[in-house]
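Okay, so here's the structure we're looking at.
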Amino acid sequence: MKLFEPITIRSMVVSNRIVYPAIQLNMGMNGRRARAFYSERARGGAGLILTANTAIDNFACEDLWGGTAGLNDFVKRLRLFTSEVHDAGGKIGVQLWQANRFPQGKGVQAAGKEMYPDSGESVAPSALEDRRALTLPEIDSIIYRFAKGARNVREAGFDCVEIHGAHSYLLAQFSNPATNQRADQFGGDLAGRMKLGVDIVKAMRAFVGPDFPILFRLGALEEDGKIHPDSLLYAQELEKAGVDCLDISTGGWGPNPVSPGKKQPMGTFIYLAEPIKKVVKIPVIAVGRINTPEVAESILEKGQADLVAIGRQLITDPYWPLKVKENRLEEIVACESCSINCFAPAFERKLPPDAPLCKNNPLAGKEWEEKV
Ligand SMILES: Cc1cc2nc3c(=O)[nH]c(=O)nc-3n(C[C@H](O)[C@H](O)[C@H](O)COP(=O)(O)O)c2cc1C
């Protein structure tokens, strides 16, 4: 099967085409719970694993860790995490992210593991509702922190880094004319709206060197149910700037929920990934309810994408890849695309405190308990 063919992304050899995408489950990275959770996805056969969206400040801000030594210590301690995932047979990268908050004074954008920080001001490309527009020095600082953060990701032993440019967060707001009404070089025409993403990639490349793979999760915009031509051009500009792989999701606006429900088709966002795949040379990842081997294999066979991101299905059944490879299909535990338990930690849905991260997998998020 094509699903089990290796692929090289810049210097990184991924053993198959299966990606566990970034999923915020509020478990951080530096504890045994996270080590067990992510290692289990590697043991189950996912070739490439991405961590949850992680504030750039976690990897770039000394103040968050009480000084340079503290940040260096955080980075050093992560080597336990990366080596456990490597021992379990997977590659692992961090998804770096800037939400819509900005540090105040010496504060930080997001403290530790929290997804929604209570520190920081709400910001946006242009003033919007309760958000104020970012200043040019602040934009420079965001670019710098992405670049510096990525270098620390590399230092911690990760295999790659992903820039979160989707799901209505700050970078996606810059590329969207509906939310970017700036009149300076970071707004206006498409070149201006793409500039933040492109500048981050260029700065990051300078910081991580020529070999380290940079992935970009692009929130593709759509028009009349088709990809918007701006997103095709943005993908090409990102490739020129030094991106090694494009992970195509949605903008997070409009009728498309980021995590589609069971009424939406399998391979939900293929119609966004496929046209991008046609205009770039770098590998493209598709996502959205790619829950069955038939759908996954057909996407690869038809050349609609080079890799498939399988999110919630691998929370439900981390051994999906191995079971497919060994043709043990009847053993697969299916994800119902309900987003109930998995959404609870990050989106504050009330569940009993000991609920697993998937109602169909009593061990989801409790893998470490099995180890003690
Ligand atoms: C609980 C939850 C948290 C998520 N967090 C992130 C995230 O941190 N970064 C990101 O890019 N996508 C995030 N996503 C989106 C997934 O990566 C994926 O694109 C989406 O769930 C569709 O894939 P699936 O149908 O295979 O789950 C999240 C999805 C879920 C269910």
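Residue numbers (the working numbering): 544 to 915.
Here a beta-carbon is modelled for each residue, glycine too, at the ideal position from N, C-alpha and C.
Cut-off 6 Å between Cβ atoms - residues of its own chain near residue i, not counting five sequence neighbours on either side
i           : result
residue 608 : 614, 617
residue 921 : Coverage of the chain is limited to positions 544 through 915, which leaves residue 921 absent and any answer about it impossible.
residue 895 : none
residue 548 : none
Any non-hydrogen atom of ligand 2 within 8 Å of residue i CB
i           : result
residue 886 : For the structure depicted, ligand 2 is absent and the ligand set comprises only ligand 1.
DSSP three-state assignment for residue i, whether helix, strand or coil
i           : result
residue 652 : The pLDDT assigned to residue 652 is 44, lower than 50, so where the model puts this residue is not dependable, and the model offers no usable value.
residue 677 : coil
residue 779 : helix
residue 545 : helix
residue 877 : coil
residue 835 : coil
residue 563 : strand
residue 822 : helix
residue 759 : strand
residue 601 : helix
residue 557 : strand
residue 644 : strand
residue 904 : strand
residue 550 : strand
residue 909 : coil
residue 594 : strand
residue 588 : coil
residue 770 : strand
residue 579 : helix
residue 899 : coil
residue 858 : helix
residue 672 : coil
Heavy atom of ligand 1 within 8 Å of residue i beta-carbon
i           : result
residue 890 : yes
residue 724 : no
residue 788 : no
residue 626 : no
residue 834 : yes
residue 760 : yes
residue 854 : yes
residue 551 : no
residue 753 : no
residue 803 : yes
residue 564 : yes
residue 568 : yes
residue 792 : yes
residue 771 : no
residue 596 : yes
residue 506 : This structure does not reach residue 506, given that the chain is present from 544 up to 915, and the question cannot be answered.
residue 831 : yes
residue 678 : no
Contacts around residue i, its chain only, beta-carbon distance under 7 Å, and the 5 residues preceding and following it disregarded
i           : result
residue 538 : An answer regarding residue 538 cannot be provided, because it is not within the stretch 544 to 915 covered by the chain.
residue 787 : 552, 553, 756, 757, 758, 825
residue 807 : 832
residue 701 : 625, 635, 636, 637
residue 716 : 667, 668, 722, 723
residue 698 : 618
residue 620 : 573
Beta-carbon gap between residue i and residue j smaller than 9 Å
i           : j           : result
residue 833 : residue 853 : yes
residue 780 : residue 789 : no
residue 900 : residue 888 : yes
residue 923 : residue 880 : What is shown of the chain runs 544 to 915, which leaves residue 923 out entirely.
residue 595 : residue 561 : no
residue 568 : residue 878 : no
residue 913 : residue 576 : no
residue 835 : residue 812 : no
residue 545 : residue 765 : no
residue 642 : residue 598 : yes
residue 791 : residue 848 : yes
residue 556 : residue 850 : no
residue 529 : residue 740 : Here the chain has residues from 544 to 915 only, and residue 529 is not among them.
residue 639 : residue 693 : yes
residue 762 : residue 816 : no
Residue span of the beta strand (DSSP E) that contains residue i, given as start and end
i           : result
residue 634 : 634–640
residue 572 : Careful: residue 572 lies outside any beta strand (DSSP E) and carries neither H nor E.
residue 892 : Residue 892 -> no beta strand (DSSP E), and no H or E assigned at all.
residue 792 : 788–793
residue 665 : 664–667
Endpoints, alpha helix (DSSP H) assigned at residue i
i           : result
residue 707 : Note, residue 707: premise wrong, no alpha helix (DSSP H); beta strand (DSSP E) at 703–708.
residue 740 : 733–751
residue 872 : Per DSSP, residue 872 belongs to no alpha helix (DSSP H) and is neither H nor E.
residue 615 : 611–630
Beta-carbon contacts of residue i that lie in its chain and below 8 Å, excluding the five residues immediately before and after
i           : result
residue 743 : 685, 686, 689, 690, 706, 714
residue 592 : 562, 563, 581, 584, 585, 628, 633, 634, 635, 636
residue 898 : 884, 887
residue 695 : 602, 603, 614, 618
residue 748 : 757, 784, 785
Cβ of residue i within 9 Å of any chain C Cβ
i           : result
residue 596 : Structure shown: chain C not included; a single protein chain is present.
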